[in-house]
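Notes follow once the structure below has been shown.
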Amino acid sequence: MPRKYRHLKDYEKELIEYIEQGHTLRETGEKFGFAYKEMRDFKTRYNKNQKKLAAEIAIKPKGRPRKDGSKLPPSVQQL
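Going by the numbering used here, the first residue of the sequence shown is number 15, and it counts up by one from there.
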């Protein structure tokens, strides 16, 4: 039987609101159908990103930079 896969990002606002109301990560995971470990990892990543945003540190895009030094792909640069 295939497993139904859902992204945590789809539920991010709801998860954070539910946790801020005082519910534990285990309760939150049970309500939304995620494992405790997934909730713990999500909360850790969320807190890390919030600290970066609060400190105004630019979140770098992943991947290798372009060889020609431009930020945009050539199809967008022509516009």
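Note that CB positions come from ideal geometry on N, CA and C, so glycine has one too.
Let me know the secondary structure DSSP gives G47 once reduced to three states. coil
- Query: When you compare only the Cα positions, how much space is there between E26 and I33?
  - Reply: 11 Å
Could you spell out the range, first to last residue, of the alpha helix (DSSP H) harbouring L29? E26 to E34
Handout entry: C-alpha gap between G36 and R54, whole angstroms
Key = 15 Å
Notebook entry, point to check: Which class does Y19 belong to by DSSP, given the choice of helix, strand or coil?
Noted result: coil
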